[in-house]
Amino acid sequence: MKEALERKNEEYFAELQAAIGQGLVLTDLQEIYRACQEGKADFLIVQESFHQSAKIISDIEIELVDSNLGKNTVDDISSLLALLINEKGGKTCYVSEIPNPELRPIALKIRY
465 MKEALERKNE EYFAELQAAI GQGLVLTDLQ EIYRACQEGK ADFLIVQESF HQSAKIISDI
525 EIELVDSNLG KNTVDDISSL LALLINEKGG KTCYVSEIPN PELRPIALKI RY
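Read in order, the letters of the sequence shown correspond to residues 465 to 576 in the numbering used here.
Structure (structure tokens):
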């Protein structure tokens, strides 16, 4: 089972690397959130150690915050992103580490 999961993760990493040259990879949380809301998200890769609180400003805008206290604030934006992606037919993969340092700690491959 572990070997199959590792193979699948390697496939995701390879697909992500190939998409970089095509301009289909986002690493900015604001851009990732917008792409998820617009249905452009194909798959999201998140390092398991990544946690970021965010305030939801609108359907296409978030504000990164240090605390999860307050109105319209989520304690981990990656969980919300995973939910949005799943609702629109995309995939999310949590990994211990993303091999490419430029894509850490979160990267999204978009469809177009």
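Using N, Cα and C, we set each Cβ at its ideal position, and we do this for glycine too.
Here the structure is a predicted model, which means the values were calculated and not measured.
Checklist line | CB contact flag (A478, L572, <7 Å) | finding: Against the sequence shown, residue 478 aligns to sequence position 14. Against the sequence shown, residue 572 aligns to sequence position 108. No, the Cβ-Cβ distance between A478 and L572 is not below 7 Å.
Item checked: Sequence ranges, beta strand (DSSP E) only - wholly within the segment 499-525, length at least 3 -> 505-511, 517-522
Item checked: Candidates E551, S560, H515: closest to E470 by CA position -> Within the sequence shown, numbered from 1, the residue matching residue 470 stands at position 6. Among E551, S560, H515, the Cα nearest to that of E470 belongs to S560.
Check: Hey, quick one: how far does the beta strand (DSSP E) through I562 stretch, first residue to last?
Finding: Numbered from 1 along the sequence shown, position 98 holds the residue referred to as residue 562. First-last for I562: undefined, no H or E at that position.
Check: Which partner residues does I570 have in the DSSP bridge list?
Finding: Residue numbering aside, residue 570 sits at position 106 when the sequence shown is read from its first letter. The partner list for I570 (beta bridge, DSSP) reads V510.
Notebook entry, point to check: Taking buried to mean at least 16 other C-beta atoms within 10 Å of its own C-beta, is I570 buried or exposed?
Noted result: The residue you call residue 570 lines up with position 106 of the sequence shown. When all chains shown are included, I570 counts as buried.
Next item on the list: Over the uninterrupted alpha helix (DSSP H) stretch that includes N550, give me the two end residues.
Entry: Working through the sequence shown from its first residue, we reach residue 550 at position 86. Counting along the chain, the alpha helix (DSSP H) containing N550 begins and ends at 541-551.
Next item on the list: Alpha carbon to alpha carbon, how far is L548 from G487? Give it in angstroms, no decimals.
Entry: Your numbering for residue 487 matches position 23 in the sequence shown. Your numbering for residue 548 matches position 84 in the sequence shown. Taking the straight line from one Cα to the other gives about 22 Å.
Check: Whose C-alpha, out of E525, V489, K466, I521, is nearest the C-alpha of L508?
Finding: On the sequence shown, position 44 is the one that residue 508 refers to. That would be V489, whose Cα lies nearest to the Cα of L508.
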